[in-house]
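Here the structure comes first, spelled out in structure tokens, and everything after it is commentary.
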Amino acid sequence: MSVEMGKPVMQAEAEIDKCATVCVHYAENAEKILLPENVVMDGGSSYVRFDPLGLILAVMPWNFPFWQVFRFAAPALMAGNVCLLKHSSNVPRCARRIADIFAKAGFPEHVFTELRIGSGPVESLIAHPLIAAVTLTGSEEAGRKIAELAGRNLKKVVLELGGSDPFIVLADAPMETCLPTAVNARMLNNGQSCIAAKRFIVEAKILDRFRSGFVAAIAKLKVGDPLDKSNDLGPLARADLVEELERQVKESVRLGARILTGGKALSDRPGFYFQPTVLGDVRPGMPAYDEELFGPVAALISAKDAEDAVRIANDTPFGLGASIWTKDCAQGEKMAARIEAGMVFINGLVRSDPRLPFGGIKNSGSGRELSHYGIKEFVNIKTVVIG
Amino acid sequence: MPLKSINPATGELLEVFEELSSAQVEIALQKAWQAFASWRQSAFARRGALLLRTAQILAEEKSDLAS
């Protein structure tokens, strides 16, 4: 995985562990979740059963090239569906290994199929009468295309798209855990995660203290060969991702953002490296505020108070995850209720877990993966009434 | 267009994969459809056992898969 998409190898190992966990979770829980539900009616008997839908097309991305496939496939297979994987064009080796693993485990032939294709044939696949549903994890742009095709063909669709997750730091935040988590939340996977914290919204009273600790920690990160376990970050996955990130940083700086550390692609070496970067004084109208930054660049935004922080947190087209840092958990929970996102973590890193539903609202997509909600996305919720 | 596996740490081309033709994709869909007929009838216990075996293989091959 590391040599194909640049993830630091220790994080790649953790990703494989997580894939095993989701397999075990659904192996142990799917039957219970999908037990028919009796419904009490007047006379006769009624129940709801959960039948598989059929062939599910999964269009998957390169950033968690194993996890995202297993997160979809484990519940879909347990529900009795058959999976077709169209993986991202830059991770064909990962795709082949995943198909090999299912074959080696003894799954019947053609229950899990890797379709080695680019994005061209996806349109005709979605239109194909044998495809029952589509799931996409990918960019907002890809989401629009897939949703349009699914809509035109009346196919069920689940969309896990981009995010620009807020990381809200209130004046009473527990700094000793907040700071290291802030660094991880932005820099894991070389900053290329939909649920990475991208906008650090910090209460003005504590901004100086947070900024100095955060910038110092980011400046210390080691960038280099992802197979060398002493490195914290590897390269971005493709050259065009470096170019796009560079454009977003330059444009934000032109509009008044300040580079507090980093700020540039590393051109002293081969490969697609970008310096871990912090941008200060980020405001609306800048790409660092309005767009998703898919790489190791953090945007620092000052908020007047908790109320202002919620307003800024919601001032985005996205709505995936959010985290709030405060010693006053009641205050955190009140804010959580008003945050426009699919997941809110108070004093914790936004992360996925097979037991918790995962997904977003607004331009971050629709539908949920994982937990009992995820497995029920790709079933026919069938009413049976016996008169 | 062929799919390219490129090492982003070096820019080196690792491997080139030919795309399936549309006829091959159609065959894959037909075979998947045939597989669905029996897979949907399979017991949860069987599906679960296969997934537990998958988890085992992931654990055994972890360092190779990760690198």
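Here the protein sequences come in this chain order: A and B.
In this text, residue positions in the first sequence follow this note's numbering: the first is 4, and each later residue adds one.
In this text, residue positions in the second sequence follow this note's numbering: the first is -1, and each later residue adds one.
Glycine included, each C-beta is placed from N, C-alpha and C at the ideal position.
Bounds of the beta strand (DSSP E) holding A:Gly283 are Thr280 to Gly283. Taking A:Gly322 as the centre and dropping the five residues before and after it, the same chain places the C-beta of Gly166, Glu343, Ala344, Gly345, Gly363, Ile364, Lys365, Asn366 and Ser367 closer than 8 Å to its C-beta, in chain order. Beta-bridge pairing by DSSP links A:Glu117 to A:Leu88. Residues are counted here when their Cβ sits less than 7 Å from a Cβ of chain B; for the stretch 97 to 116 of chain A these are Arg100, Ile104, Phe105, Lys107, Ala108, Gly109, Phe110, Pro111, Glu112, His113, Val114 and Thr116, given in chain order. The stretch 127 to 143 of chain A makes contact with the stretch 27 to 46 of chain B: 3 or more CB pairs, one atom from each, lie closer than 8 Å. Among the residues of the stretch 151 to 168 of chain A, none has a Cβ less than 9 Å away from any Cβ of chain B. The alpha carbon of A:Ala153 has as its nearest neighbour, out of A:Leu37, A:Ala199 and A:Leu139, the alpha carbon of A:Leu139. Inter-residue distance for A:Arg74 and A:Leu60 is about 14 Å (C-alpha atoms, whole angstroms). For the set A:Val72, A:Val43 and A:Gly109, the Cα lying nearest the Cα of B:Ile55 is the one of A:Gly109. Between the beta-carbon of A:Ile204 and that of A:Ala312 there is about 5 Å, and that keeps the pair under the 8 Å contact cut. In the three-state reduction of the DSSP assignment, A:Gly154 falls in the helix class. Counting along the chain, the unbroken beta strand (DSSP E) around A:Val160 starts and ends at Lys159 to Glu163.
In the structure shown, the three-state DSSP call for A:Tyr276 is coil. Close to A:Gly121, with beta-carbon spacing below 7 Å, are these residues of chain B in chain order: Met(-1), Leu1 and Glu17. The beta carbons of A:Ser91 and A:Pro64 sit closer together than 7 Å. Taking a beta-carbon distance threshold of 7 Å, B:Ile25 does not count as an interface residue toward chain A. The distance from the Cβ of A:Leu230 to that of B:Ser65 is about 6 Å, consistent with a contact at the 8 Å cut-off. Buried is the label assigned to A:Glu117, since at least 16 other Cβ atoms lie within 10 Å of its Cβ. When the five nearest sequence neighbours on each side are left out, the beta carbons in the same chain lying within less than 6 Å of the beta carbon of A:Ala98 are those of His90 and Glu117, in order along the chain. A:Ile384 is classed as exposed because its beta carbon has fewer than 16 other beta carbons within 10 Å across all chains shown. Residue pairing by DSSP places A:Thr386 opposite A:Val51 in a beta bridge. Annotation: Cβ neighbours of B:Ala64 in chain A (cutoff 7 Å, chain order): Met4, Ser5, Val12, Ala15, Glu16 and Ile19.
Within chain A, the residues placing a beta-carbon under 7 Å from that of B:Ala30 are Leu58, Val85, Leu87, His113 and Thr116, ordered along the chain.
Around the Cβ of B:Gln32, a 10 Å sphere holds fewer than 16 other Cβ atoms; the residue is exposed. Linking A:Val281 to A:Gly266 through their CA atoms gives a straight-line distance of about 7 Å.
In this model, A:Thr264 and A:Val285 are separated by some 14 Å (Cα to Cα).
In the structure shown, A:Lys232 falls within a coil segment according to DSSP collapsed to helix, strand and coil.
In the DSSP annotation of this structure, A:Asn93 is not part of any alpha helix (DSSP H), being labelled neither H nor E. In this structure, DSSP gives A:Gly368 an extended state, which the three-state scheme calls strand. B:Arg44 sits exposed, since fewer than 16 C-beta atoms from the chains shown fall within 10 Å of its C-beta.
Proximity of chain B to A:Arg241 at the Cβ level (cut-off 7 Å) is accounted for by Pro6, in chain order. Three or more beta-carbon pairs separated by less than 8 Å link the stretch 218 to 237 of chain A to the stretch 183 to 195 of chain A, which places the two stretches in contact.
In terms of Cβ geometry, A:Ser369 and A:Leu162 form a close pair [threshold 7 Å]. Distance check between A:Arg358 and each of A:Gly377, A:Phe53 and A:Asn156 places A:Gly377 closest, using alpha-carbon atoms only.
Out of A:Arg272, A:Met4, A:Gly298 and A:Val94, the CA that lies nearest to the CA of A:Gly121 is found in A:Val94. It is roughly 13 Å from the alpha-carbon of A:Gln251 to the alpha-carbon of A:Arg261.
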